[in-house]
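> Before anything else, here's the structure in question.
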Amino acid sequence: MALWKENKPSDGKAPLTLKRNFLYTATANLIYAFSQWLIILLIAKLGNIEMVGQYSLGLSITAPIFLFLNMNLRSIQATDTNNSYKFIDYFINRVITSLMGIIIVSIIALLGTFNDQTRGIILLMALSRFFESLCDVSYGLYQQKERMDYLAFSKIIQSILAIILVTLSMVMFKNLLLSVILYSLTFIFVLTLYDFRKIRVLVHFSMFKSYKNPIKFSNVKTLIILGLPLGIVSSLDTLNANLPRYFIQYFLNEVPLGYFASIAFIMSTGATVVNALAHASISKLANYYQINYELFKKLLFQLVCLGILIGGGGVLVSYLFGESILSFLYTDAYSRYNNVFIIIMVSGLIWYVTGFVSSALTATREFKAQVPIHIITTIVTVISSVLLIPQYTLIGAALVVCISNICRCILTLNTLNKIVSKKNKRGIEECV
């Protein structure tokens, strides 16, 4: 029995240019990031420190579980240039894996030594993650069709609704449970009243109206197998980013960790722009990889140059004005860590370049090839953390981040080069 009907889009709307897709994505990502920061600020200002802890705990428990089970399906979807799978295949896959996420989080919440309030927050945040994951499938379709304006409006609407509802809840009731419920409703609202409409425009998606094209659960199973390496990669990537912080906490204490985390956050602001452009360009990279390698290489070169420009600008600014920036953003106490700031921004430059190269690697759809890269990088991060952080404290931690990014960059470039060389060799043999 089919629940969906899909045909080729006939609305005549052409994909947007890379520039417009980037601008839409960057704007949406900035607004979304601001909304997430503002929600935590609202909880801290209008609630209490216990609420902040409960909310943070809910995030830390649900995020890695859903990140793994989501298996970066959005990238698989965005690079599916041959339309090997239908939207329904991706959607059912996501429903199944997200339900698994709710079950796993529920077991943790029920068996863990949490009070009732905290347990309720964790369960509700799992529900929120469920609907957020469903929205993410629509984002994958928008990427595939190069209509990032749809994605941008969806994220912006959700972000604004979340700010309004959480603010009202905290001001009127100071109730975190209610705030998380209302936050979950924003995803349901956007999914049903906006995303489903745009999906119908792109693929003539229609629920409960057709019995002609049955759901192929074999495709769903294949997608799970295909996405498993990316799930592992996403989990390792998150772990690798947090490893220096774990070791700072272990070898030093919370105070140095606070300084390091605050300084490292500045590096992530540049990543917002880089990720926006990477998301906007991955579908085009996938198309170029299949039909014109020269265009693929040209676009990748442009992206890498842009990454160097953004990262290099960050390094220069941190070198010239680092102490003033740290004092302005935080307090004067941070200015004595300017050397840490400079090293972090150098690692940011490498991180930005690696992000674009990783997008190109994902565009080749050689997903399994990414697993060894992240395993080796994680091992290098652990070893360098043990050797550097106890002796050189935060300077050592910044060097660890730099070494980790250099390792990942070299391995990713080497892997991409091997894949492309193999493809070119195969193409030459076919011509002969």
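Per full-length UniProt numbering, the sequence shown starts with residue 1, numbered consecutively. We put the CB at the ideal spot given by N, CA and C, even for glycine.
(1) Grab the span of the alpha helix (DSSP H) containing K45 for me, first residue to last.
(2) Are the Cβ atoms of S324 and I342 separated by less than 9 Å?
(3) So, for L413: in the same chain, excluding its five sequence neighbours on each side, which residues have a beta-carbon less than 8 Å away from its beta-carbon?
(4) Given that a residue counts as buried once 16 or more other Cβ atoms are within 10 Å of its Cβ, and exposed if not, what is I107?
(5) Roughly how many angstroms lie between the CA atoms of F130 and I160, to the nearest whole one?
(6) Of the choices T113, Q290, V400, N338, whose alpha-carbon is the least far from that of N83?
(7) Taking all protein chains shown into account, do 16 or more other C-beta atoms lie within 10 angstroms of the C-beta of K19, making it buried, or fewer, making it exposed?
(8) Suppose contacts are defined by Cβ-Cβ distances below 9 Å. Is L361 in contact with G314 by that definition?
(9) With a threshold of 7 Å on Cβ separation, who are the neighbours of T415 within its own chain once the five nearest residues in sequence on each side are excluded?
(10) Assign residue 435 to buried or exposed, taking buried as 16 or more other Cβ atoms, counted over all protein chains shown, within 10 Å of its Cβ.
(11) Taking 8 Å as the threshold, find out whether the stretch 226-241 comes into contact with the stretch 68-84 through three or more Cβ pairs.
(12) Quick one: any contact between the stretch 182-201 and the stretch 153-167, if contact means 3 or more CB pairs under 8 Å?
(13) Are the stretch 135-143 and the stretch 194-203 touching by the rule of at least three beta carbon pairs closer than 8 Å?
(14) Is it right to say N29 is buried, meaning 16 or more other beta carbons lie within 10 angstroms of its own, or is it exposed?
(15) Any idea if E132 is buried or exposed, counting beta-carbon neighbours within 10 angstroms, 16 or more meaning buried?
(16) Which same chain residues end up closer than 7 Å to Y150 when comparing Cβ atoms and leaving out the 5 residues on each side of it in sequence?
(17) Can you tell me whether D80 is buried or exposed? The criterion is at least 16 other CB atoms within 10 Å of its CB, across all chains shown.
(18) To the nearest angstrom, how far is it from the Cα of L178 to the Cα of Q117?
(19) Looking at the unbroken alpha helix (DSSP H) that takes in R365, where does it start and where does it end?
(20) So, with DSSP's three-state summary, where would you put M71?
(21) Enumerate in chain order the residues of its own chain whose CB-to-CB distance from A26 is below 6 Å, with the five nearest sequence positions on each side excluded.
(22) Is the distance from the Cβ of G355 to the Cβ of G396 below 9 Å?
(23) Relative to the alpha-carbon of G270, which residue among L239, E254, I310, F301 has its alpha-carbon at the smallest distance?
(24) Terminal residues of the continuous alpha helix (DSSP H) containing Y85?
(25) Quick one: grab the DSSP three-state call for G112.
(26) Where L168 and S35 are concerned, what is the direct C-alpha to C-alpha distance, given to the nearest angstrom?
(27) Quick one: Cα of L38 to Cα of I49, how far?
(28) Here's the rule I'm using: 16 or more other beta-carbon atoms within 10 Å means buried, otherwise exposed. How should S384 be labelled?
According to the structure data:
(1) Here residue 45 refers to the residue found at position 45 when the sequence shown is read from its first residue. Here the alpha helix (DSSP H) through K45 covers 18-46.
(2) Numbered from its first residue, the sequence shown carries residue 324 at position 324. Numbered from its first residue, the sequence shown carries residue 342 at position 342. Against a cut-off of 9 Å, the Cβ pair of I342 and S324 comes out as no contact.
(3) The residue labelled residue 413 in the question sits at position 413 within the sequence shown. Correct list, in chain order: V357.
(4) On the sequence shown, residue 107 is found 107 positions in, with the first residue counted as 1. So I107 counts as exposed.
(5) Here residue 130 is taken as the residue at index 130 of the sequence shown, counted from 1. Here residue 160 is taken as the residue at index 160 of the sequence shown, counted from 1. One Cα belongs to F130, the other to I160, and the distance between them is close to 20 Å.
(6) In the sequence shown, counting from the first residue as 1, residue 83 sits at position 83. Each of T113, Q290, V400, N338 was checked against the Cα of N83, and the nearest Cα belongs to Q290.
(7) Working through the sequence shown from its first residue, we reach residue 19 at position 19. Label assigned to K19: exposed.
(8) Translated into positions along the sequence shown, residue 361 becomes position 361. Translated into positions along the sequence shown, residue 314 becomes position 314. In this structure, G314 does not lie closer than 9 Å to L361 by Cβ.
(9) Working through the sequence shown from its first residue, we reach residue 415 at position 415. L361, A369, I373.
(10) Residue 435 lies beyond the range of the chain shown here (1 to 432); nothing can be said about it.
(11) yes
(12) yes
(13) yes
(14) Position 29 of the sequence shown, counted from the start, is the residue given in the question as residue 29. By the neighbour-count rule (16 or more Cβ atoms within 10 Å), N29 is buried.
(15) Translated into positions along the sequence shown, residue 132 becomes position 132. It counts as buried.
(16) For the purposes of this step, residue 150 is taken as the residue at position 150 of the sequence shown. Within the same chain, Y150 has close Cβ partners Y142, K198.
(17) The residue you call residue 80 lines up with position 80 of the sequence shown. By the Cβ-count criterion, D80 is buried, with 16 or more other Cβ atoms from all chains shown falling within 10 Å of its own Cβ.
(18) Indexing the sequence shown from 1 puts residue 178 at position 178. Indexing the sequence shown from 1 puts residue 117 at position 117. Those two C-alpha atoms are separated by around 11 Å.
(19) Residue numbering aside, residue 365 sits at position 365 when the sequence shown is read from its first letter. Premise fails: R365 is in no alpha helix (DSSP H) and is neither H nor E.
(20) In the sequence shown, the residue the question calls residue 71 occupies position 71. Here DSSP, grouped into helix, strand and coil, assigns M71 to coil.
(21) On the sequence shown, residue 26 is found 26 positions in, with the first residue counted as 1. The residues are V273, A276.
(22) Your numbering for residue 355 matches position 355 in the sequence shown. Your numbering for residue 396 matches position 396 in the sequence shown. No, the pair does not count as a contact, with Cβ atoms beyond the cut-off.
(23) As a working mapping, residue 270 is identified with position 270 in the sequence shown. Measuring from the Cα of G270, the nearest candidate turns out to be I310.
(24) In the sequence shown, counting from the first residue as 1, residue 85 sits at position 85. Neither: Y85 is in no alpha helix (DSSP H) and is coded neither H nor E.
(25) In the sequence shown, the residue the question calls residue 112 occupies position 112. Reduced to three states, the DSSP call for G112 is coil.
(26) One-based indexing of the sequence shown puts residue 168 at position 168. One-based indexing of the sequence shown puts residue 35 at position 35. Cα to Cα, L168 sits roughly 14 Å from S35.
(27) In the sequence shown, the residue the question calls residue 38 occupies position 38. In the sequence shown, the residue the question calls residue 49 occupies position 49. Each residue's alpha carbon lies about 15 Å from the other.
(28) Along the sequence shown, one-based indexing puts residue 384 at 384. It is buried - the Cβ of S384 has at least 16 other Cβ atoms within 10 Å.
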